[in-house]
Amino acid sequence: MILVTTYINPDLDGFSAAIAYAEFLNKTGRLAQARFSGDYQLEVKFTAKKFGINLPVPLENHNDFEQIVLVDVSDLKRLDKNIDLQKVVEIIDHHQVNDLAAFPNAKFLIETIGTSATLVAEKIIKSGIDISNNTVRLLCGALMYHTFNFQNFDVNQRDRNVFQWLKTKCDFPESFFREISLAKSDLAGEKLGQAIENDLKQFEFADKKIVIAQLEIVDGDVLMRNREQEIIDKLAELKNKLKSDFIFLIIIDLEKLVDFFVCGETETR
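Listed below in structure tokens is the structure:
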């Protein structure tokens with residue numbers, strides 16, 4: 052059995068790409084299962100609920116699988132520590148930061164492109180294999196959301212071509228981007244701190260540990276005005292917890308297409 056998975060606390064791109072690639076492998080005669088570690092990010096929960104898709108139960112026993120395929124992740128810092136790196140036989144990713152030398156038995160497909168879902172979908176399209184409507188919808192959702200409705204800087208024509216092809220295979224709502232953006236903007240109470248903690252990226256640069264948190268919402272300026280100190284306090288908590296040298300938050304406003312940077316320490320600024 053092949054495990055297809057992504058990083059801890061999966062986002063919609065990693066989740067959708069893993070679901071689609073597991074289905075593709077099964078239909079090509081390789082027994083596979085998509086399973087995930089940690090908690091699903093809000094965008095995954097929203098999309099699954101919208102399309103009536105059951106979320107897989109959390110991954111508990113990695114020893115049930117003989118081989119592992121990773122999608123949307125190729126660096127060790129975001130990977131479940133229980134994964135046996137020797138078992139990883141394939142990696143599909145669109146991120147430039149990676150630890151490929153840590154996976155001695157893996158073949159790689161890593162390209163700078165809008166989403167990992169694009170790379171998986173291209174494989175499916177090339178094969179001529181049909182996948183389920185719900186899986187097509189997941190890929191559409193990942194492409195639309197993670198390219199910020201095709202406005203992000205790293206989008207190219209391949210992303211657009213894949214999306215147009217997928218749309219011919221399912222009924223996908225044009226309102227999806229607006230709906231998911233509003234859903235992710237509901238950060239009342241403790242949801243704000245949880246959202247910040249659920250989307251962290253860690254890097255080593257010049258012997259310093261840098262942690263970057265990210266929120267993708269509408270009305271980012273309103274959140275900044277009303278809850279800046281709360282955000283700064285959460286970042287300080289995470290810096291201590293993760294033992295990082297620097298930490299900051301990027302707030303991406305999905306409608307205005309502007310970024311806000313938040314940090315509470317002079318040395319980080």
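Going by the numbering used here, the first residue of the sequence shown is number 52, and it counts up by one from there. For each residue, glycine too, the CB sits at the ideal point set by N, CA and C.
Could you tell me the distance, in whole angstroms, from the CA atom of G325 to the CA atom of L93?
There is no way to answer for residue 325, as the model of the chain reaches only from 52 to 320.
By a C-beta neighbour count over all protein chains shown, 10 Å radius and 16 as the cutoff for buried, is L194 buried or exposed?
Within the sequence shown, the letter at position 143 stands for residue 194. L194 should be labelled buried.
Suppose contacts are defined by Cβ-Cβ distances below 8 Å. Is F297 in contact with I247 by that definition?
Looking up residue 297 in the sequence shown gives position 246. Looking up residue 247 in the sequence shown gives position 196. Result no, Cβ atoms of F297 and I247 do not sit closer than 8 Å.
I believe L305 touches V269 by the beta-carbon criterion, under 8 Å. Please report the beta-carbon distance rounded to the nearest angstrom.
Here the question's residue 305 lines up with position 254 in the sequence shown. Here the question's residue 269 lines up with position 218 in the sequence shown. About 5 Å; that satisfies the 8 Å criterion.
At which residues does the alpha helix (DSSP H) containing T56 begin and terminate?
Taking the first residue of the sequence shown as position 1, residue 56 is located at position 5. Segment 53 to 56 is the beta strand (DSSP E) holding T56; no alpha helix (DSSP H) there.
Does the pairing of the segment 141 to 148 with the segment 116 to 128 give three or more beta-carbon distances under 8 Å?
yes
Buried versus exposed, by CB contacts within 10 Å (16 or more), K290
Within the sequence shown, numbered from 1, the residue matching residue 290 stands at position 239. That one is buried.
First through last residue of the alpha helix (DSSP H) which encompasses E173:
Mapped onto the sequence shown, residue 173 falls at position 122. 167 to 178 is the span of the alpha helix (DSSP H), which, as asked, contains E173.
Which stretch, first to last residue, makes up the alpha helix (DSSP H) that contains A83?
Translated into the one-based positions of the sequence shown, residue 83 becomes position 32. No alpha helix (DSSP H) contains A83, which is instead part of the beta strand (DSSP E) from 83 to 85.
Taking the beta carbon of T56 as the centre, do at least 16 other beta carbons fall within 10 Å, making it buried, or is it exposed?
Within the sequence shown, residue 56 is the residue found at index 5, counting from 1. T56 comes out buried.
Check whether the Cβ atoms of T166 and D64 lie closer than 8 Å to each other.
Working through the sequence shown from its first residue, we reach residue 166 at position 115. Working through the sequence shown from its first residue, we reach residue 64 at position 13. Taking 8 Å as the Cβ cut-off, T166 and D64 qualify as a contacting pair.
List the residues that DSSP assigns as beta-bridge partners of E267.
By one-based count along the sequence shown, residue 267 stands at place 216. DSSP lists I303 as partners of E267.
Does D258 come out as helix, strand or coil in the three-state DSSP assignment?
Taking the first residue of the sequence shown as position 1, residue 258 is located at position 207. The DSSP-derived three-state label of D258 is coil.
Is the CB-CB distance between I302 and N185 below 8 Å?
As a working note, residue 302 is residue 251 in the sequence shown. As a working note, residue 185 is residue 134 in the sequence shown. Not a contact, by the Cβ cut-off of 8 Å.
Would you mind working out which of Q253, Y58, L190, K242 sits nearest F329, comparing C-alpha positions?
Given a span of 52 to 320 for the chain in the structure shown, any question on residue 329 remains unanswerable.
Taking the alpha helix (DSSP H) that K78 belongs to, which residues open and close that run?
Against the sequence shown, residue 78 aligns to sequence position 27. 63 to 78 is the extent of the alpha helix (DSSP H) around K78.
Tell me which residues share the same chain as Q245 and place their Cβ nearer than 6 Å to its Cβ, disregarding the 5 neighbours each side in the sequence.
Indexing the sequence shown from 1 puts residue 245 at position 194. No residues qualify anywhere along the chain.
DSSP on D272, reduced to helix/strand/coil?
Locating residue 272 in the sequence shown gives position 221, counting from the first residue. Reduced to three states, the DSSP call for D272 is helix.
Does the Cβ-Cβ distance between M52 and F116 come in under 8 Å?
Position 1 of the sequence shown, counted from the start, is the residue given in the question as residue 52. Position 65 of the sequence shown, counted from the start, is the residue given in the question as residue 116. Cβ atoms of M52 and F116: closer than 8 Å.
Whole angstroms are fine: how far does the CA of L54 sit from the CA of Q84?
Along the sequence shown, one-based indexing puts residue 84 at 33. Along the sequence shown, one-based indexing puts residue 54 at 3. If you take the alpha carbons of Q84 and L54, they lie about 5 Å apart.
Can you check which of these residues, F87, E225, V171, is closest to P109 by C-alpha distance?
As a first step, residue 109 must be located in the sequence shown, where it is residue number 58. Selected option, being the one with the closest Cα: F87.
For K285, count the other beta carbons within 10 Å of its own beta carbon; 16 or more makes it buried, fewer makes it exposed. Which is it?
Taking the first residue of the sequence shown as position 1, residue 285 is located at position 234. Under this definition K285 is a buried residue.
Please state the DSSP three-state secondary structure of V309.
Numbered from its first residue, the sequence shown carries residue 309 at position 258. In this structure, V309 counts as strand in the three-state DSSP scheme.
What are the residues that DSSP puts in a beta bridge with Q118?
In the sequence shown, counting from the first residue as 1, residue 118 sits at position 67. Answer is I53.
Which term fits A73, buried or exposed, when burial requires 16 or more other beta carbons within 10 angstroms of its beta carbon?
Here residue 73 is taken as the residue at index 22 of the sequence shown, counted from 1. Buried, by the Cβ-count rule.
So, at 7 Å on beta carbons, what are the nonlocal neighbours of G192 in its own chain, with the 5 sequence-adjacent residues on each side left out?
The sequence position of residue 192 within the sequence shown is 141, counting from 1. Closer than 7 Å at the Cβ level, and outside the excluded window around G192, lie L63, S67, T98, F227.
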